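Chains as they are written, first to last, in our numbering: chain B, 1 to 111; chain W, 1001 to 1113.
For each residue, glycine too, the CB sits at the ideal point set by N, CA and C.
This structure is a prediction, so every number in the text was calculated from the model and none was measured.
Structure record follows, encoded as structure tokens.
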Amino acid sequence: KQEVTQIPAALSVPEGENLVLNCSFTDSAIYNLQWFRQDPGKGLTSLLLIQSSQREQTSGRLNASLDKSSGRSTLYIAASQPGDSATYLCAAYDSSYKLIFGSGTRLLVRP
Amino acid sequence: GAGVSQTPSNKVTEKGKYVELRCDPISGHTALYWYRQSLGQGPEFLIYFQGTGAADDSGLPNDRFFAVRPEGSVSTLKIQRTERGDSAVYLCASSLQGVGEQYFGPGTRLTVT
């Protein structure tokens, strides 16, 4: 059974720092991996989707990597801003196409 | 084009009542998913439809929960005899086929008092 874990559960950094959010999964036979952002009381905003044949994806200040052999993905945020404050969720697409989510990392970027 | 929509956005009901939550997927998407998100947790899978049929309902917590998608488009999640533990945000997602990126709706926040 696929399990997704995110570390740390919460993170507070000063504005301008580069930071890394970690995601690990137990079954390397994932189909795709996706990172989402969730603001308090809101729905999910897709950030990056990494297909199983890819190693990374980039969008603006965000870069996500995928290493299936080690069961890990990281989300790198460059030059963090207060507007980046949110919960970041990692989710793996399993063989039956449903998403298995981690519990998220709550990020606070202090001005 | 229009994204995934869900109605109502908020629903408050009394313990023991019946509720229906509606999801309208992106036009042309054959796959539809329901997830439930409790406070402080990531979403958890409930059920997956491919067309009109439930391809995987392994995430439904018990027989009080039921979902339909009679015409292969709009889906309704039905909860009977609601309990306070059912309070959560119910999220719907759709994808072009079973394979591919899922697009999420804004969710329905259900509160059972």
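Start and end of the beta strand (DSSP E) containing residue i?
{"i": "residue 1010(W)", "result": "1010 to 1013"}
{"i": "residue 67(B)", "result": "62 to 67"}
{"i": "residue 76(B)", "result": "72 to 77"}
{"i": "residue 1108(W)", "result": "1108 to 1112"}
{"i": "residue 1073(W)", "result": "Element bounds for residue 1073(W): n/a, residue is neither H nor E."}
{"i": "residue 32(B)", "result": "32 to 38"}
{"i": "residue 1024(W)", "result": "1019 to 1024"}
{"i": "residue 14(B)", "result": "10 to 14"}
Just the C-alpha distance for residue i and residue j, rounded to the nearest angstrom, thanks.
{"i": "residue 11(B)", "j": "residue 110(B)", "result": "11 Å"}
{"i": "residue 1081(W)", "j": "residue 1035(W)", "result": "19 Å"}
{"i": "residue 23(B)", "j": "residue 85(B)", "result": "18 Å"}
{"i": "residue 2(B)", "j": "residue 72(B)", "result": "13 Å"}
Tell me, to the nearest whole angstrom, how far the beta carbon of residue i is from that of residue j; I am working on the premise that it is less than 8 Å.
{"i": "residue 1110(W)", "j": "residue 1086(W)", "result": "6 Å"}
{"i": "residue 49(B)", "j": "residue 1083(W)", "result": "Incorrect: roughly 35 Å between the Cβ atoms, too far for contact."}
{"i": "residue 13(B)", "j": "residue 80(B)", "result": "6 Å"}
{"i": "residue 1105(W)", "j": "residue 43(B)", "result": "7 Å"}
{"i": "residue 28(B)", "j": "residue 59(B)", "result": "Going by Cβ atoms, the distance from residue 28(B) to residue 59(B) rounds to 25 Å, so no, they are not a contact pair."}
{"i": "residue 107(B)", "j": "residue 88(B)", "result": "6 Å"}
Who are the Cβ neighbours of residue i in its own chain at under 6 Å, not counting the five residues just before and after it?
{"i": "residue 1021(W)", "result": "1077, 1090 and 1108"}
{"i": "residue 96(B)", "result": "none"}
Grab me the residues of residue i's own chain with a C-beta within less than 7 Å of its C-beta, minus the 5 sequence neighbours each way, in chain order.
{"i": "residue 63(B)", "result": "56 and 76"}
Which same chain residues, not among the five before or five after residue i, have their C-beta less than 8 Å away from its C-beta?
{"i": "residue 1052(W)", "result": "1069, 1070, 1071 and 1072"}
Point to revise | Proximal residues, the stretch 1096 to 1107 of chain W versus chain B, C-beta separation under 7 Å | key: 1098, 1099, 1101, 1102, 1104, 1105, 1106 and 1107
Point to revise | Contacting positions in the stretch 1031 to 1045 of chain W - beta carbon closer than 8 Å to chain B | key: 1031, 1033, 1035, 1040, 1041, 1042, 1043, 1044 and 1045
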